[in-house]
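Presented below is the structure to which this report refers.
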Amino acid sequence: MKRGKNIINAWIMVCLLVLSSVTVSLAAEPTAKSVKLPLPTAIQDSLPWFAVFELQNDNAPFTRNHLKALAQKSDRVALVYYASWCLHCREGLKMISANASALEAAKTAVVLVNVGERDKEMLTKYLATFSLEKLNAVVDPFGRLTQGFGLVKEGENMDLPKTLLVDKSMHPQILIGSKGEDYISILKGEVE
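Counting with the working numbering, you get residues 8 to 199 for the letters of the sequence shown.
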């Protein structure tokens with residue numbers, strides 16, 4: 008009887024190990040193409056007014072006017088939505104980190120938008136693990152950049168990852184769900 012339980016426990020452990028390795032390998036490898044999603048009605052023409060908090064600047068506000076100034080200095084701005092618990096977000100952050108100079112050369116500004124987390128010290132350390140602490144990073148505790156943009160309904164959790172690409176004139180261009188091998192090329196404006 009005891010030997011039977013040990014065999015069952017061993018099989019359960021093997022199954023869990025296989026399942027976890029499959030999950031990790033799926034999270035680690037980008038798909039061939041990024042998944043483009045339809046733009047929500049709320050942002051099809053332009054972005055509504057919003058105010059969130061800068062992560063690095065002690066709760067300083069980051070508003071639509073701040074984003075507009077950033078967009079005017081760039082050709083495009085990528086709003087990269089992430090959470091520290093999201094494996095697919097982590098892969099996207101690694102891609103952005105590895106290509107930061109290429110994105111800057113292509114005049115693509117990046118704003119990292121944290122969804123649903125409030126521990127700024129933890130988030131600062133988390134972004135530092137990817138060498139992203141110098142990028143614009145904001146926290147959105149009241150859903151201004153999620154619910155306000157129509158990316159999620161009130162009371163719902165946002166599916167991650169997501170990246171919203173806006174042009175120099177603040178017009179939303181592309182909403183990306185899962186990131187593929189072409190993700191950085193899309194952010195650089197090389198691929199639509």
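We put the beta carbon where it would ideally sit given N, CA and C, even for glycine.
>> Using a Cβ-Cβ cutoff of less than 7 Å, which residues in the same chain neighbour L46 once the five nearest sequence positions on both sides are dropped?
In response: Counted from its first residue, the sequence shown places residue 46 at position 39. Here the set comprises P179, L182.
>> Can you tell me where the alpha helix (DSSP H) holding L130 begins and where it ends?
In response: Reading the sequence shown from its first residue, position 123 is the one you call residue 130. Note, L130: alpha helix (DSSP H), 127 to 135.
> For S27, which three-state DSSP category applies?
Replying inline: By 1-based counting over the sequence shown, the position of residue 27 is 20. For S27, the pLDDT reaches just 42, beneath the cut-off of 50, and the residue's location in the model is therefore unreliable, although a value from the coordinates is still provided. It is helical.
> Taking C-alpha atoms, which residue in K169, L62, F69 lies nearest to L100?
Replying inline: One-based indexing of the sequence shown puts residue 100 at position 93. When each option's Cα is compared against that of L100, the closest is K169.
>> Would A107 and L77 be called neighbours here (beta carbons separated by less than 8 Å)?
In response: Here the question's residue 107 lines up with position 100 in the sequence shown. Here the question's residue 77 lines up with position 70 in the sequence shown. Against a cut-off of 8 Å, the Cβ pair of L77 and A107 comes out as no contact.
> In terms of residue numbering, what span does the alpha helix (DSSP H) encompassing L110 cover?
Replying inline: The count along the sequence shown starts at 1 and reaches residue 110 at position 103. Residues 107 to 112.
> Helix, strand or coil for R97 per DSSP?
Replying inline: Taking the first residue of the sequence shown as position 1, residue 97 is located at position 90. R97 sits in a helix when the DSSP states are folded into three classes.
> What residues are listed by DSSP as bridge partners for F60?
Replying inline: Position 53 of the sequence shown holds residue 60. F60 is bridged to P68, V146.
> S200 to Q79, Cα distance in whole Å?
Replying inline: Outside the modelled stretch of the chain, which goes from 8 to 199, sits residue 200, for which no answer is possible.
> Below 8 Å, can you find three or more Cβ-Cβ pairs linking the stretch 143 to 162 to the stretch 125 to 134?
Replying inline: Result yes; three or more Cβ-Cβ pairs closer than 8 Å.
>> Alpha carbons only, please: which of R151, A109, A90 is nearest the one belonging to L134?
In response: Here residue 134 refers to the residue found at position 127 when the sequence shown is read from its first residue. Of the candidates R151, A109, A90, the one whose C-alpha sits nearest the C-alpha of L134 is A90.
> To the nearest angstrom, how far is it from the Cα of R71 to the Cα of E188?
Replying inline: Start at 1 with the first residue of the sequence shown, and residue 71 comes out as number 64. Start at 1 with the first residue of the sequence shown, and residue 188 comes out as number 181. So the alpha carbons of these two residues sit roughly 30 Å apart.
>> So, for K195: in the same chain, excluding its five sequence neighbours on each side, which residues have a beta-carbon less than 7 Å away from its beta-carbon?
In response: By 1-based counting over the sequence shown, the position of residue 195 is 188. Non-local C-beta neighbours of K195 in its own chain, meaning closer than 7 Å and more than five positions away in sequence, comprise A109, L110, A113, T115, ordered along the chain.
>> Are the CB atoms of L94 and L119 within a distance shorter than 8 Å?
In response: Along the sequence shown, one-based indexing puts residue 119 at 112. Along the sequence shown, one-based indexing puts residue 94 at 87. Taking 8 Å as the cut-off, the beta carbon of L119 is found no closer than this to the beta carbon of L94.
> Who are A116's beta bridge partners in DSSP?
Replying inline: Numbered from 1 along the sequence shown, position 109 holds the residue referred to as residue 116. Beta-bridge pairing links A116 to V84.
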